[in-house]
Ligand SMILES: [Fe+2]
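In full-length UniProt numbering, the protein residues as written are 1 to 285.
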């Protein structure tokens, strides 16, 4: 089994890099740490970056997980090969671009691009945003799954994730005590489904609700509260048409042995216990 220590970063393709930097800094509340003609590195914590926008193919995306030991990458290469998955070791140039010591690239059974990274760079300076959205950390991301049984098996048996709860065919997976760091979202698409940043409190969620409306940012779900993770949330669209989320109050699962995943019915109340309904077309892109 490949042990995932934490989520690390997302690489998100876009058509217009300046537009994405403006959104990420002025609306989302991230700090721009480094920018080239084609790449922009943004963060909501003290790591080198959480999101790297790359100008070019707007459909391109990849998600990365940190592993603790360098040997984990060799082990992963072998275990993935046994699953019929070809993995590629990153070149020095590719590592430099990602600001990590070593990396391994592959696609999961759904075709989602995944990168395992060893020693992603941290900084000695704290995160300092231009807009104070109350971000405390890069929380989780959603990945599309076209076959949830196949993909849950991959993420829990080949990778070290555990199912925290299920909603219909979708699944919320944890890799540490946080209720979920990966959300498998049943659909016919491939890649990253949404991007979450945790904020300090419900006040930050609600402040952003008013702020986003003032800025005419399309809100696609919420404010609401997930009955699964207990987190209070709001989801909105970026200019790249991707779904972004702020949430606060995510449950931690500390009693690993006695946690039994619950199966929630496929209904709006399984996503929001307050009664908010997702704008289904935009939410599932
Ligand atoms: Fe989420």
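Even glycine gets a Cβ: it sits at the ideal position worked out from N, Cα and C. All of these numbers come straight from a predicted model, not from anything done at the bench.
Beta-carbon to beta-carbon, residue 30 and residue 192 are separated by about 16 Å, too far to satisfy the 8 Å threshold. If you draw a straight line from the Cα of residue 1 to the Cα of residue 116, it comes to about 13 Å.
Annotation for residue 168 indicates a beta carbon at 7 Å or more from all heavy atoms of ligand 1. With respect to the 8 Å criterion, residue 184 and residue 170 are classified as neighbours on the basis of their beta carbons.
The continuous beta strand (DSSP E) containing residue 246 extends over residues 243–248. One Cα belongs to residue 78, the other to residue 248, and the distance between them is close to 38 Å.
Membership of residue 272 in any beta strand (DSSP E) is not indicated, and neither H nor E is assigned to it by DSSP. In this model, residue 23 and residue 194 are separated by some 16 Å (Cα to Cα).
Closer than 7 Å to some heavy atom of ligand 1: that does not describe the Cβ of residue 101. The Cβ atoms of residue 65 and residue 87 lie no closer than 8 Å to each other.
Straight-line spacing of the CA atoms in residue 162 and residue 26 works out to 35 Å.
At least one heavy atom of ligand 1 is found less than 7 Å from the C-beta of residue 245. Secondary structure of residue 253 (DSSP, three-state): coil. Residue nearest to residue 158 within the set 109, 40, 125, 253 is 109 (criterion: CA-CA distance).
Here the alpha carbons of residue 281 and residue 221 stand approximately 11 Å from one another. Three or more beta-carbon pairs drawn from the stretch 14–22 and the stretch 229–248 are found closer than 8 Å, and the two stretches are therefore classed as touching. Contact annotation: residue 178 and residue 250 have beta-carbon atoms nearer than 8 Å. Residue pairing by DSSP places residue 20 opposite no residue, since no beta bridge is assigned to it.
Not one heavy atom of ligand 1 falls within 7 Å of the beta-carbon of residue 50.
For residue 160, the closest of 138, 146, 230, 181 by C-alpha to C-alpha distance is 181.
Remark: the C-beta of residue 183 is in contact range of ligand 1, defined as less than 7 Å to any heavy atom. The Cβ atoms of residue 113 and residue 62 sit closer than 8 Å to each other. When distances are taken from the beta-carbon of residue 259 to the heavy atoms of ligand 1, even the shortest one reaches 7 Å or more.
By the neighbour-count criterion, in which 16 or more other beta carbons inside 10 Å mark a residue as buried, residue 121 falls on the exposed side. Annotation for residue 148: the continuous alpha helix (DSSP H) segment containing it runs 148–153. Remark: the C-beta of residue 112 is outside contact range of ligand 1, defined as less than 7 Å to any heavy atom. In this chain, the beta strand (DSSP E) harbouring residue 192 covers 192–199.
Scanning the stretch 12–80 from its first residue to its last, the whole beta strand (DSSP E) runs of 3-plus residues come out as 31–35, 39–43, 51–55, 61–67.
The beta carbon of residue 188 sits closer than 7 Å to those of 146, all from its chain and outside the five residues before and after it, given in chain order. Taking 8 Å as the cut-off, the beta carbon of residue 244 is found no closer than this to the beta carbon of residue 233.
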